Structures are given as structure tokens and as C-alpha cells.
Ligand SMILES: Cc1cc2nc3c(=O)[nH]c(=O)nc-3n(C[C@H](O)[C@H](O)[C@H](O)COP(=O)(O)OP(=O)(O)OC[C@H]3O[C@@H](n4cnc5c(N)ncnc54)[C@H](O)[C@@H]3O)c2cc1C
Ligand code: SF4
Ligand code: SF4
Ligand code: FES
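Chains as they are written, first to last, in our numbering: chain Z, 1 to 377; chain W, 1001 to 1286.
Printed below as a string of C-alpha cells:
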């Protein structure tokens, strides 16, 4: 691919405009209601200039940064799953004529999306969803359509201290090396606020051609590498992954599951914020006349009792069994099912758990392994 | 009669049900019926015994239901359904001429090939007879391929017995060992009383454990005791096949509801050899 380039803040504005020109809806970070979330952005100023965040187990807060970094925050409560695996969606509609039903595809033009600000962990999470929803024996048409057209702009992790995330342990970051159209590394030097741009696809190269840029100097590239290396060196959490699936499955009756169950509220926050949790439920709804009916699917949460409702009762009644299902799926059975962990180490489930349950700690306790996490009391 | 009306986008979208017509309805028990279905389109859905279909009642919902018979004409389906909740109640209330939606077939099938040249032991509890009936019909159609064929069937009460016409015919067959038991007899019941696993020791003379393939379907507790009994008589775990039930919302490995450890029971199951399930079988609520 093309050698790296450099754009400035105006170049970033031009990038957004060029994507819009190409017919993409640009989705990117926005500071709203006290969190950095992902939503449609129309212009440069929508981006969270000068906003960062603080995160710990069970704690999230946005805060003003001392500089004007655009991407100086760790991942927030949203992930790209929101757009690639949307919820709810209408699977089909059926119309009744007499005794006869006609099934129609919902007429909804699936948008072409450009994701601006995809972190390496989240890029890997999309890779995990690809395996689940796109590369198996059955393909989810809704995911496939959105995924295939999505334009992916990575932003490498720099200029913040990762607290709850552990991508380095999972081999999913902090630097994304492939699978994107463009990748930006922000450099927030005074008077030289700029972005080193790596090109990952022909589509990416074509967009870069449309915006003002200059070739990257060796110093730009070194500065970018240095910024990412600093992130890698300051990871807040660790997880020992070698042999982890077998170790977890060998400990399905470990007493520590009961301890977790005493704290876990079964609220399902962890699954909702997780960029790879894909489970859904399906229901029918109909209009009052009973002549039009829709089959709707929405994301579901394995922490509810209804999730396993079988033969007249929930199969996983206790919270212990539901947390165990979640954790062993993420870190053990997922590997057998899809050849990868179901966890990319983004840390969202740790941050957004109201009681601060931390899967890196729980997995270590259950498997009797060394917990080397620093910064955890 | 309703005419085929619908273009079938099912090839591209695995969530689209195909239109089928109910062509017959046979009442089995107070709450259970057997429906025969005929496709309203040109698409033929060919299900193997043990596989299941997703049956849709428009506006109500969709549920997994095993095939309980063999097609009399190409593309036909037969299902036995017990009314237990909203969708199954509607299914049981359908009549010839009504339209329903069908997706499938899904999942693994009974190991009929493996059973060629072997003794075959089918153990059914309650509605678990539905998926095993299609296996039995397939076996009887090619009876010469198998050695002894033994069927053990338990129901709650005489009134809960499914497929009475079949049962009385099968009881006459010299090439089939059929034993029936009920938990709660009524005043007319002359047959055996007790749970199905207890029947196994009555038929041990008929099978050679090392050359037997066992297929079990029924309530979980019944399957548990049956497995123990079969193990006791020397049938190896990899020759004991079960059909398992879980909540299923998609049947195509995408919704996550049907998981049991590493398995998605909608595609890795519902029929699995006990040898693969054994590591998890003693883990409660797994
Ligand atoms: C692979 C597979 C094959 C199956 N094959 C058959 C089959 O051949 N024939 C058949 O009739 N069923 C079969 N089932 C079970 C069937 O799918 C469920 O009974 C059905 O999904 C229930 O849906 P519902 O909407 O009617 O009930 P729901 O509305 O989901 O449940 C409502 C009420 O029904 C009760 N209930 C739900 N499910 C059951 C149950 N299984 N047993 C007892 N009470 C229940 C609950 O107590 C609940 O209060 C199969 C299931 C699987 C997974
Ligand atoms: S399990 Fe937790 S850390 Fe892992 S990907 Fe999901 S939310 Fe992120
Ligand atoms: S682990 Fe935390 S976030 Fe997940 S269900 Fe339990 S309480 Fe909620
Ligand atoms: S039923 Fe949806 S994954 Fe198996």
C-alpha cells in the first residue's frame, strides 16, 4: 500500500466531507450526556476536541483535557456493533389477504456507513463479529450488507492512559496493522496538531487523494510509533490467555463462581456494552386488525432468565450459572466455536459494571493464576 | 384452496419462512396433534429424521418442531405438536387449508447410517417419541438393513400415548420389539406401569451392547436415567445418541440461545452422541 501521509485538522474536516460526498453517513465520536459515544457526525466540530475520560471498574467520567486532542479518550459505552448489528430490526413483514399471507422484505435502504475513530480493539471486535455473523454456515444478511459497505477509519490509541482495557494481553492492540481503509495516529504537538495516515485499501487511497495531505517524514512516523508505544506500556489490566479456555472449563464448579454471583446484579450491562456480544431474540408483532405482522429481532442478554426458557422453565436459574455462561463463552467456548476469543480486551464490561466486576480478576481467581494487574485495589 | 402466492426470497435471507399449507390434522391426545404440511412454492425442504423445522404462525411467533414422520409425497412434512404456550397453541388449532411459514431443515439427524447392520434401540419418553417416530419409520422402510429393532416408549398415562394406530400395528410386527409403559395407569390399562429406563433390563436379551446404536429422546431426567442404564449394560457412550432441547430463536447459529458449552444445539445438535456431552452432563445449569 501507499506510504504514510500526514493531514492536519483541516484535512480531517476534508476527510469527513469527502466521505459524505461519496455517499457515506459518517459515524464518529461525540461528547454527549457525559460520555463519548458514537453517532452520525456532520462536520469537524461535532468531534470531541479537548475531551478525555477517566475510567475504572464501575466508574466512567468525561473530563476536559489540557490539550485539544480529538481522539484523546478511551472507548466509551458504544461500539460499532450498534451500527453493524443494529437492534431492533424488522426481519420481514407479512400481509394477510383472506386466508393467504404475503411475505415482504422490509423496504429500508441499508446505509453506507463510514466509521471514524475505530480503535484497534474494536477493529478486532468487528473481526470477531465477522466470524460469527458473516463467515459461518449461515450469513446474517443485515450484518453482511452493512459490513461489506462500511468504510473503516482506525484511530490508533495514543494520548490517554488505558485503565480498564487490556488489548495487549488479547493480541488485539493498541496498534491496528490491517483490516482498515485508513488509519490515523494523532499527534497533538502545539502548532503542529496533525494526523499520520496509513492507507490500508485502494478505497482508502482513493479518499486520501481527494483531501489535502503531504507525505509523512520519518519524524512523523517515529512520533506516531512513540505515541502508540506509550499506550502499550501503560495498559491498566492484563489477562493471561495461554491455556485459559481449558483452565476455565476445568473449573466450572469452582467456589469463586458463587462469590461473583453474590455481587453480580444480572443487569446485563456487560453484554450490552461488549462489542462482540451478538445474541438476539425474535418476536412477532402485529397491527390491531391482524392483517399486517412483522417479525422483529432485538439484541438480547444472556443474563435474563427468559434467555434460556426451555420446556417450561429457565435452564439457567441462578446468577452464578448465568455469569458463568457469559464468562466461559467469552474466554473459553468461543474459541472452540469460532477460533478466537469472544473478548478483545476493550474493558467496557469492567467500566460499565455497576458493581465493578472485573473479568480479568475473576478469570484469574477461577483458574488459580497469577493476577498481575496493576492499579487494582 | 389457496394458490402459491409468494416469491421465495429464502435462498438469500435465512430468516424468511416459506409458505406451507396444512393438508391434514390428526388428533393424538387432548393437547397434541399431528399436522401434515405441503409446500405452496416449488421449493422442496427435505428433512432427515432427527432434524427440525421452524414453524411460524404469522403474528404469533416461530418455534422449533421436529419432523415426526416421512413425506408421503416429495416435499411434504409431518409434525407432532403439543400445545404448551402461545405459538404451539396456535399450531395445534390449525386446520386443513390454513397457511403457515416453515424454515429448515435444521440440525443434525439420527445416526441411521451408523446403525446399519447393528441392533437399534430407540428409547422415547412423552413427546420425545415425535422425533424418534421419523427414525423408526425410516428404519422400518428399510428393515433389512438393521438387526434387532427395539423400541421402548413411556408416557404419563394411557391417554397421553401418541400414534395409537401405529403402535397397534407395530405391536403385531414380529421383526420389532416394542415395549410400552405408563407412569399413571387408568382402570383399563393392562400394560406395564413405571418409568422407561426400567424397561431396558427386560430387553437385554435382544441386543448386543458392542453392536448397538441407541437413540434417546424425552425429558431430561428420563434421558439421564436411560443413559445410566445403557452404560450399565455396556453400550459405549459414543453409540448413545440423544436429542436435546433448548430455547431456539433462529435455528441458524446466530442468536446464541441454544448454547450448551461449545455447542450450538441448533446446528451442532439437537442430536449428539453422549460421548460429546458427557463432560458437561453433570454440571448443573450449564
Ligand atoms: C430441537 C427441538 C425440537 C422440538 N420438537 C418438538 C416437537 O416435535 N413437538 C413439540 O410439540 N415441541 C417440540 N419442541 C418444543 C417446542 O419448540 C416448544 O414447546 C415451543 O417452543 C414452545 O413455544 P410456545 O410459544 O408454544 O410456548 P411459550 O409461549 O414459549 O411458553 C409459554 C408457556 O409454555 C410452557 N412451555 C414452553 N415450552 C414448553 C415445553 N417444551 N414443555 C412444557 N411446557 C412448555 C411454559 O411453561 C410457558 O409458561 C422442540 C424443541 C426443540 C428445541
Ligand atoms: S468481554 Fe469485556 S473486555 Fe472483553 S470485549 Fe467484551 S466488553 Fe470488552
Ligand atoms: S457482571 Fe456486572 S455488568 Fe455484567 S450482569 Fe453482572 S452486575 Fe451487570
Ligand atoms: S437457535 Fe439461535 S443460535 Fe441456535
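Where a beta carbon is used, it is the ideal one built from N, C-alpha and C, also for glycine. Note that the structure is a prediction, hence the values are computed from the model and not measured.
C-alpha gap between residue i and residue j, whole angstroms
| i | j | result |
| --- | --- | --- |
| residue 58/Z | residue 359/Z | 12 Å |
| residue 290/Z | residue 102/Z | 13 Å |
| residue 109/Z | residue 259/Z | 48 Å |
| residue 2/Z | residue 1131/W | 59 Å |
| residue 94/Z | residue 294/Z | 6 Å |
| residue 15/Z | residue 200/Z | 15 Å |
| residue 1240/W | residue 1266/W | 19 Å |
| residue 314/Z | residue 341/Z | 27 Å |
| residue 178/Z | residue 312/Z | 48 Å |
| residue 156/Z | residue 1071/W | 58 Å |
| residue 1167/W | residue 1034/W | 15 Å |
| residue 1014/W | residue 140/Z | 8 Å |
| residue 1121/W | residue 173/Z | 54 Å |
| residue 1088/W | residue 1063/W | 8 Å |
| residue 1066/W | residue 1038/W | 16 Å |
| residue 410/Z | residue 1286/W | Here chain Z comprises residues numbered 1 to 377, so residue 410/Z is not present and cannot be evaluated. |
| residue 1243/W | residue 64/Z | 58 Å |
Close Cβ partners of residue i (< 8 Å) along its chain, the five nearest in sequence each way excluded
| i | result |
| --- | --- |
| residue 188/Z | 67, 68, 69, 72 and 159 |
| residue 328/Z | 248, 249 and 252 |
| residue 1188/W | 1158 |
| residue 1279/W | 1261 |
Cross-chain neighbours of residue i in chain W, by beta carbon under 7 Å
| i | result |
| --- | --- |
| residue 293/Z | 1058 and 1059 |
| residue 94/Z | 1058 |
| residue 311/Z | 1245 |
| residue 317/Z | 1285 |
| residue 290/Z | 1059 |
| residue 303/Z | The contacting residues do not exist; residue 303/Z stays about 12 Å from chain W at best. |
Cross-strand partners of residue i (DSSP beta bridge)
| i | result |
| --- | --- |
| residue 1217/W | 1124/W |
Where residue i meets chain Z, residues with beta-carbon distance less than 9 Å
| i | result |
| --- | --- |
| residue 1126/W | Within 9 Å Cβ-Cβ: nothing; residue 1126/W doesn't reach chain Z, min ~10 Å. |
| residue 1097/W | 99 |
| residue 1084/W | 311 and 312 |
Residue interval of the beta strand (DSSP E) (run including residue i)
| i | result |
| --- | --- |
| residue 189/Z | 182 to 189 |
| residue 1078/W | 1077 to 1082 |
| residue 94/Z | 89 to 97 |
| residue 1202/W | It is not in any beta strand (DSSP E) - residue 1202/W carries neither H nor E in the DSSP assignment. |
| residue 101/Z | 100 to 104 |
| residue 53/Z | 51 to 56 |
| residue 153/Z | 151 to 155 |
| residue 241/Z | No beta strand (DSSP E) holds residue 241/Z; DSSP gives it neither H nor E. |
| residue 32/Z | 25 to 32 |
| residue 5/Z | 5 to 8 |
| residue 40/Z | 35 to 40 |
Within chain Z, partners of residue i - CB distance below 8 Å
| i | result |
| --- | --- |
| residue 1259/W | 325, 329 and 333 |
N-terminal and C-terminal residue of the alpha helix (DSSP H) that residue i is part of
| i | result |
| --- | --- |
| residue 1274/W | 1274 to 1281 |
| residue 220/Z | 218 to 233 |
| residue 59/Z | Taken as a continuous stretch (DSSP letters only), residue 59/Z belongs to no alpha helix (DSSP H), being part of the beta strand (DSSP E) at 59 to 64. |
| residue 244/Z | 244 to 249 |
| residue 319/Z | 319 to 328 |
| residue 1131/W | 1129 to 1141 |
Within chain W, partners of residue i - CB distance below 8 Å
| i | result |
| --- | --- |
| residue 120/Z | Correct list: empty, because the minimum Cβ distance to chain W is about 25 Å. |
| residue 308/Z | 1246, 1247 and 1257 |
| residue 337/Z | 1262 and 1264 |
| residue 253/Z | 1283 |
Contacting residues, own chain, Cβ-Cβ under 6 Å from residue i (five flanking each side not counted)
| i | result |
| --- | --- |
| residue 1200/W | 1229 |
| residue 1125/W | 1154, 1196, 1218, 1219 and 1222 |
| residue 350/Z | 57, 164 and 358 |
| residue 1127/W | 1082 |
| residue 1145/W | 1116 |
| residue 330/Z | 342 and 343 |
| residue 96/Z | 291 |
Spatial neighbours of residue i in its chain, beta-carbon cut-off 7 Å, leaving aside the 5 residues before and after
| i | result |
| --- | --- |
| residue 1004/W | The pLDDT assigned to residue 1004/W is 35, lower than 50, so where the model puts this residue is not dependable, and the model offers no usable value. |
| residue 185/Z | 156, 158, 195, 196, 224, 227 and 228 |
| residue 215/Z | 3 and 5 |
| residue 1171/W | 1178 |
Check: residue i C-beta below 7 Å from any heavy atom of ligand 5
| i | result |
| --- | --- |
| residue 265/Z | By its list of ligands, the structure shown excludes ligand 5, since it contains just ligand 1, ligand 2, ligand 3 and ligand 4. |
Listed by chain order, chain W residues near residue i by CB distance under 9 Å
| i | result |
| --- | --- |
| residue 117/Z | Residues of chain W passing the Cβ test: none, with the nearest at roughly 27 Å. |
Chain-ordered neighbours of residue i on chain Z, where CB pairs are closer than 7 Å
| i | result |
| --- | --- |
| residue 1016/W | 92 and 103 |
| residue 1250/W | 282 |
*Using a beta-carbon distance cut-off of less than 8 Å, what residues from the stretch 124 to 153 of chain Z approach chain B?*
No chain B is part of this structure, whose protein chains are labelled Z and W.
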